[in-house]
Every structure is written in structure tokens, then in C-alpha cells.
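The block underneath contains the structure these notes are about, expressed in C-alpha cells.
There are 2 protein chains.
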Amino acid sequence: MVDVTETTDAPRAPGRPRSIRADEAILESALDLLAEGSTIEALSIEAIATRAGVGKATIYRRWSGKEALLQDALRRLKPPPPEPPGKSVREDLIALVGVSGHNPDPRVRKIMPCLMPMMNRSPEQYRLYQELVEPRRRMLREVLRRGVELGELRADLDPELTVALLTAPLVMQRLLRAQPDLDERDLPARIVDAVIAGIAPR
Amino acid sequence: MVDVTETTDAPRAPGRPRSIRADEAILESALDLLAEGSTIEALSIEAIATRAGVGKATIYRRWSGKEALLQDALRRLKPPPPEPPGKSVREDLIALVGVSGHNPDPRVRKIMPCLMPMMNRSPEQYRLYQELVEPRRRMLREVLRRGVELGELRADLDPELTVALLTAPLVMQRLLRAQPDLDERDLPARIVDAVIAGIAPR
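This is the structure in C-alpha cells:
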């Protein structure tokens with residue numbers, strides 16, 4: 108019954124379309140349940156199995172447990188950002204900042220705000236969240252480094268702090284609508300321009 | 108049994124220490140339960156009453172329901188920020204930015220990250236959250252306005268966007284530890300200085 112060629116590291120063996128369909132149904136069901144308000148803690152393998160129309164054993168054949176399943180589900184929800192176009196530093200920053208909240212999957216807006224506070228509940232959840240957001244941070248640091256090299260950005264900028272200034276406002280606004288009076292039109296470009304120019308008079 | 112001089116609008120009549128002690132026990136119990144991981148939805152008047160060692164009727168004599176009780180409890184947890192010292196624009200901004208995460212009550216770090224995603228679950232919860240954070244935003248706008256008047260800040264700055272740049276990074280970091288590699292020493296001052304100076308070369 109258990110296919111011994113399957114391991115939890117390679118849940119989707121090629122050439123097995125029926126398994127792939129089951130995997131997809133399982134991952135989609137987990138995302139649906141999270142989007143409907145389930146917390147990570149409350150989410151059970153049993154509930155996922157019921158929703159996906161499979162037995163619990165089918166899930167345990169593919170994933171070692173909830174964390175591994177969620178990792179795959181969240182990767183599916185939030186793929187790494189596309190490489191920046193490599194045009195001007197300003198345009199690359201705008202493209203990368205704008206990734207927040209531009210995910211076409213409507214479940215992202217429901218799930219991500221719930222994930223954020225959960226990420227400090229356990230080292231596993233923290234790692235899971237960091238793994239989702241690190242690719243964009245890496246790209247942002249790279250664009251900043253290029254900007255410094257080109258002389259377009261100041262040589263003494265703090266890259267990690269600059270990443271925070273560029274990303275935190277849009278995350279807070281797009282996911283939490285933190286400031287009701289913040290104009291959201293062209294927000295990525297306005298953030299990038301404000302961070303570049305500063306608020307001191309020139 | 109019901110004291111008819113009490114209304115839900117005036118839960119703490121002066122000169123009645125026994126009621127005040129009961130009120131405090133009730134509000135503290137609600138905060139304890141939230142800090143221990145209860146969601147706002149899951150928090151019940153019954154659980155609060157049990158924790159506080161009072162009857163449910165005692166709670167309903169003082170508050171119209173959970174939302175009114177939570178409003179008082181959260182106000183207790185997160186009082187409005189102190190007026191900025193009124194020294195330099197930079198120092199006032201640092202003082203106001205630094206308010207995030209400087210609350211001495213250890214429950215804040217547990218409760219606030221859970222409140223944030225909940226604030227979009229219902230208009231009531233959104234209002235509750237906004238009421239908690241608006242006083243600081245109002246003070247920040249006022250300091251920015253003064254900075255522009257004094258010529259220390261550029262006249263064309265977007266106040267609401269600037270408030271987002273100043274506050275979002277510290278909220279994300281202090282409450283969620285969003286960036287493991289972000290140096291947290293003197294973070295309020297470093298945020299303010301970076302937002303003032305910008306990252307373009309001068």
C-alpha cells in the first residue's frame with residue numbers, strides 16, 4: 108500500500124499524475140482551511156484529509172506531518188518573487204517592494220496576516236515564515252548593493268534597515284490596512300522615492 | 108442585586124473601591140487570557156469570569172459585552188503615548204517611534220501580534236485597533252507639521268506615508284522579529300535618521 112520509493116523529501120515523484128492531483132487537492136485544502144480562519148495550531152491532518160476527500164493515510168504517505176505539509180502549501184501560495192528587471196535601481200526597488208500584496212491568489216490576504224503573529228510561536232513556524240520572505244530580502248539587498256556600487260545610493264546606508272523601511276510599510280498596509288488614511292495609489296513607488304530622497308530639505 | 112446607579116458607560120464610579128478591584132480583576136483576566144493565546148473570537152465572558160473569580164452577571168453589570176470589555180482592557184494595556192518632549196523635531200520623532208515595544212507589560216508582546224491580524228475580521232475590531240494606535244499617529248503628524256514649519260523637513264513630504272515609514276519597521280521588528288539580521292540597537296533613532304536623510308547621496 109505504501110509506495111516505498113516515496114519519501115517525504117520527494118513528495119511529488121514525476122510521471123504519477125494521480126498522485127499529483129491528490130497532492131494538489133491536499134495542499135489546496137490546507138490553504139482553504141487557513142484562509143477560512145483556521146489557525147496553524149488548530150489545523151489538523153484529519154480536517155485537511157476530509158476537505159481533500161482523501162484518507163489521513165494518504166497524507167502521511169506524502170508528508171511527515173503538518174509542518175512539512177504546510178511548508179509545501181505555503182510555498183505554493185507564495186512563490187519566490189521574480190528576478191528584478193535589472194533596469195534602474197529605483198525601478199528594481201519598486202518592482203520588489205510591489206510584490207507585497209500583489210499575489211493574485213485571494214487567500215494570501217487572509218492567510219498571511221494570520222501567519223505573521225504565529226511565526227514567533229515556535230522555532231519551526233519562525234523558520235517557515237523566514238523561508239517564505241528571505242528570497243525577496245536577498246534580492247533587495249542585492250539591488251541596494253548595486254546602487255551603492257553605481258554611486259546612486261549612499262555608501263554608508265544600512266542594508267538591513269533599508270530593507271525594513273522599504274518592505275514594512277507595504278506589508279502593514281496591504282495585509283492589515285494599518286493606516287486608514289494612507290493613500291494606496293502607487294504606494295510601492297512612493298515608498299521607494301521617499302526612502303531614496305528622505306524628508307530633510309535638499 | 109444590580110446597582111442601578113451603574114451603567115455600562117460609567118463602569119468605574121468613583122469612591123467604590125470594591126467595584127474597582129473587581130473591574131481590575133476582570134480586565135486583567137481578559138488580558139491574561141489573550142496573552143496566553145486565546146483569540147478574540149474564542150475569548151468568552153464565561154472564561155473571563157472564571158479567571159477573575161466573579162460571576163458572569165458581575166461582568167454584564169459593568170460592560171455591555173465582550174467588545175466594550177476588551178476596549179477597556181486594551182486601553183489599560185496600551186495607554187496613549189506620552190506627549191513628545193517638544194525638543195528638536197528629530198528627538199520628538201525618536202521618542203514617538205520608540206514607543207513601539209517599549210511597553211513594560213510583558214503581555215503586550217503576546218497580545219499585539221494577535222490583535223493585528225484580527226483587526227480586519229470585523230469593523231468593530233478594526234475600530235478597536237485604530238483607536239489604540241491613532242493617538243500616536245496624531246502626535247507624529249503634529250511633529251512632522253512642526254518640522255515643515257520650521258524648515259527642518261521638506262515642505263512636500265507626505266505626512267501619512269512618512270508616519271508609515273517611521274512606524275511600520277519597528278512594529279514589524281519588535282512584535283514579530285520580522286528580520287532576524289536587523290540590528291535592534293538604537294533602532295528608533297536609526298529609523299528616524301534614515302527616513303530624514305534618505306539613501307541617496309547628498
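Those protein sequence lines, which keep their order, are chains A and W.
Residue numbers for the first sequence follow our numbering, beginning at 108 and rising by one.
Residue numbers for the second sequence follow our numbering, beginning at 108 and rising by one.
Ideal Cβ positions, reconstructed from N, Cα and C, are used throughout, including at glycine.
Using only the alpha-carbon positions, how far apart do residue i and residue j sit?
i: residue 274 of chain A; j: residue 201 of chain A; result: 10 Å
i: residue 169 of chain A; j: residue 138 of chain A; result: 17 Å
i: residue 272 of chain A; j: residue 231 of chain W; result: 30 Å
i: residue 287 of chain A; j: residue 167 of chain A; result: 44 Å
i: residue 277 of chain A; j: residue 130 of chain W; result: 39 Å
i: residue 147 of chain A; j: residue 268 of chain A; result: 30 Å
i: residue 159 of chain A; j: residue 140 of chain A; result: 11 Å
i: residue 164 of chain W; j: residue 145 of chain W; result: 22 Å
i: residue 253 of chain W; j: residue 296 of chain W; result: 19 Å
i: residue 190 of chain A; j: residue 301 of chain W; result: 26 Å
i: residue 260 of chain A; j: residue 233 of chain A; result: 32 Å
i: residue 299 of chain A; j: residue 241 of chain W; result: 25 Å
i: residue 307 of chain W; j: residue 212 of chain W; result: 39 Å
i: residue 172 of chain W; j: residue 309 of chain A; result: 53 Å
i: residue 294 of chain W; j: residue 194 of chain W; result: 20 Å
i: residue 149 of chain A; j: residue 263 of chain A; result: 46 Å
i: residue 281 of chain A; j: residue 192 of chain W; result: 33 Å
i: residue 220 of chain W; j: residue 196 of chain W; result: 29 Å
i: residue 174 of chain A; j: residue 229 of chain A; result: 11 Å
i: residue 303 of chain W; j: residue 238 of chain W; result: 27 Å
i: residue 126 of chain W; j: residue 210 of chain W; result: 27 Å
i: residue 132 of chain A; j: residue 186 of chain A; result: 18 Å
i: residue 206 of chain A; j: residue 255 of chain A; result: 23 Å
i: residue 182 of chain A; j: residue 222 of chain W; result: 25 Å
At what residues does the alpha helix (DSSP H) containing residue i begin and finish?
i: residue 153 of chain W; result: 152-159
i: residue 176 of chain A; result: 173-184
i: residue 199 of chain A; result: 196-204
i: residue 242 of chain W; result: 230-256
i: residue 267 of chain A; result: 266-283
i: residue 300 of chain W; result: 294-304
i: residue 164 of chain A; result: 163-169
Against chain W, with Cβ distances strictly below 8 Å, would residue i count as a contact?
i: residue 108 of chain A; result: In this predicted model, residue 108 of chain A has a pLDDT of only 36, less than 50, meaning its place in the structure is not dependable; the value taken from the coordinates is given anyway. Answer no: the Cβ-Cβ gap between residue 108 of chain A and chain W never drops below 8 Å.
i: residue 269 of chain A; result: yes
i: residue 297 of chain A; result: yes
i: residue 279 of chain A; result: yes
i: residue 264 of chain A; result: yes
i: residue 306 of chain A; result: yes
i: residue 261 of chain A; result: yes
i: residue 258 of chain A; result: yes
i: residue 210 of chain A; result: no
Let me know if residue i comes out buried or exposed under the rule of 16 or more other beta-carbons within 10 Å of its beta-carbon.
i: residue 257 of chain W; result: exposed
i: residue 305 of chain A; result: buried
i: residue 199 of chain W; result: buried
i: residue 292 of chain A; result: exposed
i: residue 128 of chain W; result: exposed
i: residue 136 of chain W; result: buried
i: residue 151 of chain W; result: exposed
i: residue 266 of chain A; result: buried
Taking C-beta to C-beta, are residue i and residue j nearer than 8 Å?
i: residue 251 of chain W; j: residue 180 of chain W; result: no
i: residue 243 of chain A; j: residue 203 of chain A; result: yes
i: residue 142 of chain W; j: residue 217 of chain W; result: yes
i: residue 227 of chain A; j: residue 184 of chain W; result: no
i: residue 177 of chain W; j: residue 235 of chain W; result: yes
i: residue 162 of chain W; j: residue 154 of chain W; result: no
i: residue 248 of chain W; j: residue 215 of chain W; result: no
i: residue 279 of chain W; j: residue 188 of chain W; result: no
Quick one: is residue i near chain A, going by C-beta distance under 8 Å?
i: residue 205 of chain W; result: no
i: residue 287 of chain W; result: yes
i: residue 272 of chain W; result: yes
i: residue 275 of chain W; result: yes
i: residue 301 of chain W; result: yes
i: residue 239 of chain W; result: no
i: residue 150 of chain W; result: no
i: residue 178 of chain W; result: no
i: residue 189 of chain W; result: no
i: residue 283 of chain W; result: yes
i: residue 290 of chain W; result: yes
i: residue 220 of chain W; result: yes
Is the closest heavy atom of the ligand GDP to the C-beta of residue i under 7 Å?
i: residue 180 of chain A; result: The ligand GDP is not part of the structure shown, which contains no ligands of any sort.
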